[in-house]
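The structure appears below as structure tokens.
Numbering (this note's numbering), first residue to last: 1 to 72.
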């Protein structure tokens, strides 16, 4: 069984923050054309991976939290 320590919790939260920032930057770049070399098809691909990674990691953390609450 996976045990979530405070250090690994901080690391997973940091990964989630980075993924959120990638998505946010992608939306801002799409609206304001901040960086031309990140225009489609390059950055939308990265954005899609960031969204998928965020939901995957969030789902894991939610299910882990629920399993810990039911075991205690």
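Glycine included, C-beta positions come from ideal geometry on N, C-alpha and C. Keep in mind the model is a prediction, meaning the values are calculated, not measured.
Residue 33 and residue 68 have their alpha carbons spaced roughly 44 Å apart.
Residue range 42–71 is occupied by the alpha helix (DSSP H) that includes residue 70.
Of the residues assessed, residue 24 falls on the exposed side of the cut-off, its CB having fewer than 16 other CB atoms within 10 angstroms.
Residue 27 sits in a helix when the DSSP states are folded into three classes. Note on geometry: alpha-carbon atoms of residue 38 and residue 46 lie some 10 Å from one another. The residues 26 and 29, in chain order, have a CB closer than 7 Å to that of residue 43 in the same chain once the five nearest residues on each side in sequence are set aside.
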